[in-house]
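Q:
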Amino acid sequence: MTDTAQARSLSVRVVLTVGIGLVVPSLPAFLIGATAAQVRDDLGVSEVVLGAAVAVLYIAGAAAAPFTGILADRRGARTSIALGSMVSAGAMTGIALFAERWGGLMILMACAGVGIALVDPGLTRLVAGSVPAGRRGMVFGIKEASIPLATMVAGFAVPTIAVTVGWRWVFAVGLVPFAAVMLLLATAGPSPRDAAPAAAVGSGPQHSPGRTATLALALGAALASMAATGISVFLTDSAVSAGLSQSYGGFLLGVASVVGVVVRIASGMLADRRPEAATALMPWMLVAGSVTMLLGATGTAVLLEVGAVGAIAGGWGWTALFFLTLVRADPLRPGAVAGIGLSGLAIGNALGPIVFGALAQSVSYSAAWVLAAAAAASAAGAMYAGGRLLAVPSS
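Position one of the sequence shown corresponds to residue 60 (the numbering used here), numbered consecutively onward.
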């Protein structure tokens, strides 16, 4: 094989790995959410307990991410991705076979959270070390599209598997992306950049982002992910509350996820052409998401459909730009800075199901959607502030 062919093969392998890498660790939360009604009946738990189970996943991820990010830089992307994928697949297998009480479900969801914390910084490290600077926005978009792809899989699994043979069988779908990721990693050739420090893999200013800017971006990520995760986890229940069927609620989640995939990739490609768009677009996407969430809060079936698409596409379509911004600002530590960003995301992901589930149970699903809209609007302000602070070089 010629050098050119080897480079092309490596590029395709990297894109494929990035494109499906987050599907496996993201599936547990969304599969539990998509089959919420059946899980509650089988295990005898409430909306709050089910939301807490999803929250435990993200709390574990938030706690582990700063350390696993450093691990990705020190040990290499391949090690981090492979280990995280195995942990996540093991957690899904455990949920399907052994989750009989809420305590066991909590433990297995925590293991799944550690899987996310390992895979995500590893994928960021892989992009930073293997993808040309002018294409990273697109590849980060592909990476982040893995998450709405996971929600799409979860949504379509409801009418095809959960309703027909039971909710436990839906976790078997995770074996397909797991096998694909492990095969891609096993057949990848050695890459010096995979293990070496990323001293020259970044683009943009060669300084670490200011602490205030990083905190502002992390706060925005926490608020935005709180809104979007709460809605996505309980979307099928929201649909049932609005008079729609559980199967249609799962289908709606799948359709909204397809739109989310397109938005994440398209926004990343735009950021490659116009680098300033990475920070400029995030606040406006969140504003659009906030408005559509308010439409979903009406409880009307048609407006709920619009709100679902807007919540996932606009209110959750900014994450590719988020990681691209962090890596451009701190190119020397792509795994570590991704771990910090992931902590912000995971904190919001942990709070979202708890707050949304509690408010839906005690007040109404409409009230939960209104709170999500307020969180998305606040996130837009935090993202705007963080972007402005990053525009000023640190001394």
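Heads up, the beta-carbon is just placed ideally off N, CA and C, and yes, glycines get one too.
So, Ser423 versus Ser300, is the Cβ gap smaller than 9 Å?
A: Closer than 9 Å, so yes.
Q: Out of Thr295, Ala280, Phe89 and Gly445, state which residue places its alpha-carbon closest to the alpha-carbon of Tyr307.
A: Measuring from the Cα of Tyr307, the nearest candidate turns out to be Thr295.
Q: Mind reading off the beta-carbon distance from Arg160 to Leu102? Whole number of angstroms is fine, and I expect it under 8 Å.
A: Contact flag correct, Cβ pair sits at about 7 Å.
Q: Taking only the alpha-carbon atoms, compute the straight-line gap between Ala176 and Val222 and give it to the nearest angstrom.
A: Roughly 31 Å between the two C-alpha positions.
Q: Measuring alpha carbon to alpha carbon, tell me which residue in Gly373, Leu363, Gly374 and Gly400 is nearest Phe381.
A: If we check each option's Cα against that of Phe381, Gly400 comes out closest.
Q: Quick check: what's the CA-CA separation for Pro194 versus Ala395?
A: In the sequence on display, residue 194 carries Arg and not Pro. Distance between the alpha carbons of Arg194 and Ala395 is about 21 Å.
Q: Should Met151 be flagged as near chain C, meaning a C-beta pair shorter than 9 Å?
A: The structure shown contains no chain C, having only a single protein chain.
Q: Is the distance from the Cβ of Gly411 to the Cβ of Ala114 below 9 Å?
A: In contact: Gly411 and Ala114 (Cβ atoms closer than 9 Å).
Q: Cα separation between Val511 and Ala433?
A: The structure shown does not extend to residue 511, since the chain is modelled only from 60 through 454, so no value can be given for it.
Q: Please classify Phe293 as buried or exposed, where buried requires at least 16 other C-beta atoms within 10 Å of its C-beta.
A: Buried, because 16 or more other Cβ atoms sit within 10 Å of the Cβ of Phe293.
Q: Curious, which full-length alpha helix (DSSP H) runs of at least 4 residues does the region 173-221 contain?
A: Runs found: 195-216.
Q: Using 10 angstroms around the beta-carbon of Gly446, count the other beta-carbons present and answer buried if the total reaches 16, otherwise exposed.
A: Result: buried.
Q: Quick check: the Cα distance between Ala96 and Ile406, rounded to an integer number of angstroms?
A: For Ala96 and Ile406, the distance between alpha carbons rounds to 25 Å.
Q: Starting from Gly374, trace the alpha helix (DSSP H) both ways and give me its first and last residue.
A: Element bounds for Gly374: n/a, residue is neither H nor E.
Q: Decide if the region 277-294 is in contact with the region 342-353; the criterion is three or more beta carbon pairs, one per stretch, under 8 Å apart.
A: Contact between the region 277-294 and the region 342-353 is present, because at least three Cβ pairs lie under 8 Å.
Q: Secondary structure at Met132, three-state DSSP: helix, strand or coil?
A: For the sequence presented, residue 132 should be read as Asp rather than Met. DSSP places Asp132 in helix when its eight states are reduced to three.
Q: Please confirm if the region 211-231 is in contact with the region 416-430, defined as three or more CB-CB distances below 8 Å between the two stretches.
A: No, they do not touch.
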